[in-house]
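Residue numbers 81 to 805, in this note's numbering, belong to the letters of the sequence shown in order.
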Amino acid sequence: MNSDIPYRYIITAVITVMVLTPLLVLQVSRRWYQKQIVNDQTDDVVFLGKNFPSPVLTGLVRLGRYMTIRFANLVLLIRHLFTRIAALTQLSFTFPRNPAIILDKASLMPTLGEVSLIAVFTVVFCVNCLNFSPGSILIGTEYGNLVQSHFIWNTFHECGTCAFWNGYINGGAPAFVETRGAVLHPLVVITTLLAGVTNGSKLMLVFSLLMAGIAQWWLARVMGVGRFARLWAGCIAVVGGHLSMKMESGNIILILSTASAILLLAPLLDLAISRRRSSLIMSGIMLSLFILSGQGYIQIGFAAAILPVFLIFLFDEKLQIKPLWKDFLMVLLLGVLLAGVFLVPFLHFFPNMTKDADKLFTNYQPLEYLPLNLVVHDVDFFKITLLGHDLNVYANYIYIGWVPVILAIFSLAFFAQGRRRIITFLWISLLLIFTICSHEFASWIFQYMPLISSVRWGSIISGLSVPFITALAALSLDCLIHASWWPEIRLNLTNGSGASLSISLLVVIFPAIFSVYQLFMFHQKWITTTEIQLNEQVLNELTPSSTQWIGPDLADYSWMYSLLERGVKITNVWRAWGWKGSENPKANTIAVFSIENPDRGDVYATYKDIELVRHRNNQYAFISVGNQSNPCKARATGGLITVSCANDQAGILTVQENQWTGWNVSIDGIPAHLLPVNFLQVNAPAGNHTYTFRYEPWDVWVGLGATILGILLAVWLGLRAPKFA
């Protein structure tokens with residue numbers, strides 16, 4: 081007997097469940113609402129749509145209100161306590177009557193509920209990466225290299241300001257000029273200091289995705305989009321391929337940078353629409369965080385394709401310039417000042433930076449193929465050169481599916497219903513993003529701006545298109561849900577009551593929810609961890625007792641990462657930029673696969689397929705006397721290097737650490753002068769001496785002063801400036 085169930089029965093059952101489940105939920109919700117009417121408790125009921133009360137969101141709102149009342153009572157108690165102390169001690173305490181920030185309970189509670197839902201959704205999506213067991217790191221082929229700059233915060237625990245110098249790779253460099261690691265972003269600093277680089281990176285990934293979700297939700301809220309549509313937009317941002325697929329290479333910094341870009345977009349748009357003082361301050365703060373978020377590609381794309389489009393808000397209907405330009409100028413000033421701790425050292429060091437160029441723009445796709453990346457989720461498809469792909473999956477993959485794309489296109493149908501400037505802004509920005517990261521545009525602009533060839537991975541910028549498509553899609557979704565022309569299905573019950581359901585639930589809402597589910601299932605596997613399984617004996621051999629430069633030439637960044645965790649200095653590591661006129665120091669010990677070392681010269685140990693090669697003449701610290709050199713014992717921790725030497729004759733002490741403004745040296749506590757060469761060098765007298773090198777840069781303190789000035793400016797704007805900018 082054939083036990084197979086005909087497909088028509090399965091389809092009928094699925095459709096029945098899809099129709100009846102929402103109706104039953106709606107019926108339960110309405111019965112709950114009837115009880116609220118009887119108890120006269122309908123003032124704070126939250127609706128997900130027309131005639132659709134939500135017991136869950138209402139409960140969150142009431143819980144938040146309860147906590148707010150308790151907090152207010154606590155504040156009153158503290159004021160009463162200080163008043164009593166003042167009466168007993170004859171001291172005076174002044175409390176502001178009109179605080180700068182006033183919480184609007186009516187708007188705050190639903191907001192907290194919505195943000196909480198996005199937070200819970202993000203944690204569920206990232207649950208696989210919250211593995212804090214030893215040896216577990218985030219996946220990605222380049223992860224170890226991308227977070228190498230974060231290890232400076234390990235040195236901060238040991239010696240404080242010595243963290244101003246990143247001495248871990250290629251001879252060292254000023255720590256705060258790093259453009260790829262977001263080393264000064266508060267999220268990186270806090271998570272690394274609290275949990276270390278390994279576990280801090282996992283927390284950073286979760287919070288970066290949460291930032292993206294909240295930023296997308298915030299943008300939709302600024303646009304006036306309804307609750308369901310903006311929650312949907314926030315969830316799309318969390319699970320979209322434009323972020324999660326960056327973990328194919330372990331590029332958590334690209335996720336942070338893209339999330340920071342969306343987080344800047346929301347208050348800037350609100351400022352352009354309303355000119356609220358709070359939006360001006362938030363725009364300045366978010367601009368500084370965006371500057372600190374690393375990479376550079378996303379910043380270039382934002383500046384070239386998005387910021388110019390804000391000009392459409394500067395003119396009124398008569399094409400006269402609005403005073404809004406003053407607000408934008410203040411945002412720029414505030415953002416630059418707050419990011420001063422990075423910008424001042426970076427601009428000081430920038431003339432010494434070099435970067436590889438690609439005049440053929442082999443990593444740029446043709447414009448006609450770029451939009452297809454939004455609807456292609458086959459990872460293997462991006463590993464072939466069809467349609468101009470460059471084989472870097474993380475750079476080209478921006479999949480969000482057909483539902484958001486179709487909804488975004490549908491937004492043109494609502495152009496006549498208002499919000500014309502917003503829709504125009506979003507569409508022009510979207511088109512410009514695809515244009516500037518196309519092969520045609522790069523080849524054309526190269527004729528007039530050859531420097532563009534240094535922006536080698538323009539396809540990375542295409543990820544900025546997703547927030548704009550999602551915003552347009554959310555706008556369309558909201559308009560479709562609240563359209564009055566949808567027919568309704570009514571279910572009549574035996575007791576005379578009934579429930580009605582708009583067809584929009586089936587036609588619009590279910591596909592929207594399914595699109596989130598689909599992205600969730602496609603991309604969750606990339607938000608996970610992997611176990612490091614390296615030969616412990618090799619790691620021990622590569623960890624010297626006295627500081628040396630090590631070369632793990634094994635084509636696997638896991639070795640680099642594990643050695644950095646041990647505080648080992650590594651040379652000949654690929655980095656996105658180089659130091660003009662500087663050479664990498666020579667390695668004292670190198671680990672290499674046997675098959676790649678045919679001459680087997682200087683091999684002193686072999687572990688399975690790995691050979692260890694030692695070059696005894698390549699010392700980190702040594703004294704040169706004529707043609708002879710004597711090695712010295714050294715201990716280097718960031719910008720603090722201590723060298724102990726014993727030599728019979730006077731000579732020159734060389735420490736293979738790049739020299740830059742801010743380095744100074746003392747011999748047995750007595751200041752001495754550095755010689756003007758690439759590495760640290762000082763005249764060494766005969767005898768036993770201790771040499772102490774310290775990196776004490778002026779630019780970091782000037783930049784920190786600018787940041788403090790920016791904080792004071794933000795406080796002044798919040799306390800003294802008028803309510804509207």
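The C-beta atom is built at its ideal place from N, Cα and C for all residues, glycine as well.
S368 versus L450: straight-line alpha-carbon distance, rounded: The sequence position of residue 368 within the sequence shown is 288, counting from 1. The sequence position of residue 450 within the sequence shown is 370, counting from 1. Going by the C-alpha atoms only, they are around 30 Å apart.
For P190, the three-state DSSP class (helix, strand or coil): Position 110 of the sequence shown, counted from the start, is the residue given in the question as residue 190. Reduced to three states, the DSSP call for P190 is helix.
Residue from I516, F514 and L599 whose Cα sits closest to the Cα of H457: Reading the sequence shown from its first residue, position 377 is the one you call residue 457. H457 has its Cα closest to that of L599, out of I516, F514 and L599.
Cross-strand partners of K713 (DSSP beta bridge): Within the sequence shown, residue 713 is the residue found at index 633, counting from 1. Bridge partners of K713: S724.
Whole-angstrom C-beta distance between V618 and Y687, which should lie under 8 Å: The residue you call residue 687 lines up with position 607 of the sequence shown. The residue you call residue 618 lines up with position 538 of the sequence shown. Between V618 and Y687 the Cβ distance is about 5 Å, and since that is below 8 Å, they are a contact.
Element boundaries [beta strand (DSSP E), containing L644]: Looking up residue 644 in the sequence shown gives position 564. Unbroken run through L644 is the alpha helix (DSSP H), Y637 to E645; no beta strand (DSSP E).
DSSP bridge partner residues for T734 (one or two, in chain order): Walking along the sequence shown from the start, residue 734 turns up at place 654. In the DSSP output, where bridge partners are listed per residue, T734 has F702 and Q761.
Min CB distance V263 to chain C below 7 Å: Among the chains of the structure shown, chain C does not appear; only one protein chain is present.
Where C242 falls, given that 16 or more other Cβ within 10 Å makes a residue buried: Within the sequence shown, numbered from 1, the residue matching residue 242 stands at position 162. Per the 10 Å Cβ criterion, buried.
Beta-carbon separation (whole angstroms), C517 vs G381, contact threshold 8 Å: Counted from its first residue, the sequence shown places residue 517 at position 437. Counted from its first residue, the sequence shown places residue 381 at position 301. That belief holds up - the Cβ atoms of C517 and G381 are roughly 7 Å apart, short of 8 Å.
Delimiting residues of the alpha helix (DSSP H) encompassing P591: Translated into positions along the sequence shown, residue 591 becomes position 511. Run containing P591: F590 to H603, per the alpha helix (DSSP H) assignment.
A685 - DSSP class collapsed to helix/strand/coil: Indexing the sequence shown from 1 puts residue 685 at position 605. Strand.
Three or more C-beta pairs below 8 Å linking the stretch 526-537 and the stretch 483-500: no
Selected residue, minimal CA-CA separation from A346, among A592, I561, L399 and L299: Indexing the sequence shown from 1 puts residue 346 at position 266. Nearest of A592, I561, L399 and L299 to A346, Cα basis: L299.
Distance CB(L544)-CB(L506) smaller than 7 Å: Working through the sequence shown from its first residue, we reach residue 544 at position 464. Working through the sequence shown from its first residue, we reach residue 506 at position 426. Result no, Cβ atoms of L544 and L506 do not sit closer than 7 Å.
First through last residue of the alpha helix (DSSP H) which encompasses L789: Along the sequence shown, one-based indexing puts residue 789 at 709. Residues W778 to L799.
Rounded C-alpha distance that separates A266 from G280: Here the question's residue 266 lines up with position 186 in the sequence shown. Here the question's residue 280 lines up with position 200 in the sequence shown. A quick correction: the sequence has Pro, not Ala, at residue 266. Computed Cα separation, rounded: 12 Å.
Residues near W639 by beta carbon distance below 6 Å, same chain, minus five either side: Within the sequence shown, the letter at position 559 stands for residue 639. Once the five neighbours on either side are set aside, the close Cβ partners of W639 are P632.
Selected residue, minimal CA-CA separation from G321, among S595, T651 and S724: In the sequence shown, counting from the first residue as 1, residue 321 sits at position 241. Nearest of S595, T651 and S724 to G321, Cα basis: S595.
For Q729: DSSP bridge partner residues: On the sequence shown, residue 729 is found 649 positions in, with the first residue counted as 1. Paired residue(s): none; Q729 is not in a bridge.
Whether L412 touches T787 by CB criterion (7 Å): Locating residue 412 in the sequence shown gives position 332, counting from the first residue. Locating residue 787 in the sequence shown gives position 707, counting from the first residue. The answer is no: Cβ separation not under 7 Å.
Validate contact between the stretch 241-259 and the stretch 640-652 using beta carbons, cut 8 Å, 3 pairs: yes
Cut-off 8 Å between Cβ atoms - residues of its own chain near A384, not counting five sequence neighbours on either side: Locating residue 384 in the sequence shown gives position 304, where the first residue counts as 1. Only L512 and I516 meet the Cβ criterion.
Buried or exposed by the 16-neighbour rule on C-beta atoms within 10 Å, applied to A262: Within the sequence shown, the letter at position 182 stands for residue 262. So A262 counts as buried.
Contained alpha helix (DSSP H) runs [length at least 4] in the stretch 370-402, N- to C-terminal order: 377-385
Classification of K649 by the beta-carbon crowding that lies within 10 angstroms, buried from 16 upward: Here the question's residue 649 lines up with position 569 in the sequence shown. Looking at its Cβ environment, which holds 16 or more other Cβ atoms inside 10 Å, K649 is buried.
Limits of the unbroken alpha helix (DSSP H) element including P484: Counted from its first residue, the sequence shown places residue 484 at position 404. Note, P484: alpha helix (DSSP H), W482 to F490.
Own chain, CB closer than 8 Å to F514, minus 5 neighbours either side, in chain order: Against the sequence shown, residue 514 aligns to sequence position 434. Hits under 8 Å: L447, L450, P451, S542 and S545.
DSSP state of M303 mapped onto helix, strand, coil: Taking the sequence shown and counting its residues from 1, one reaches residue 303 at position 223. Coil at M303, not helix or strand.
Those runs of the alpha helix (DSSP H) which lie wholly inside the stretch 212-241 and span at least 4 residues: 223-226 and 232-239
Spatial distance of D470 from H562 (CA atoms): Indexing the sequence shown from 1 puts residue 470 at position 390. Indexing the sequence shown from 1 puts residue 562 at position 482. Near 43 Å, if we compare the C-alpha coordinates of H562 and D470.
Span separating the alpha-carbon of L323 from that of A475: Position 243 of the sequence shown, counted from the first residue, corresponds to residue 323. Position 395 of the sequence shown, counted from the first residue, corresponds to residue 475. For L323 and A475, the distance between alpha carbons rounds to 10 Å.
Touch test, the stretch 426-436 against the stretch 655-668, Cβ-Cβ under 8 Å, three pairs minimum: yes
R536 in three-state terms, based on DSSP: For this step, residue 536 is matched to residue 456 along the sequence shown. Looking at R536 - three-state DSSP - the assignment turns out to be coil, as it is neither helix nor strand.
Per-residue DSSP class, three states only, for F673: Counted from its first residue, the sequence shown places residue 673 at position 593. Of the three classes helix, strand and coil, the one that applies to F673 here is strand, per DSSP.
S746 - DSSP class collapsed to helix/strand/coil: Within the sequence shown, numbered from 1, the residue matching residue 746 stands at position 666. Strand.
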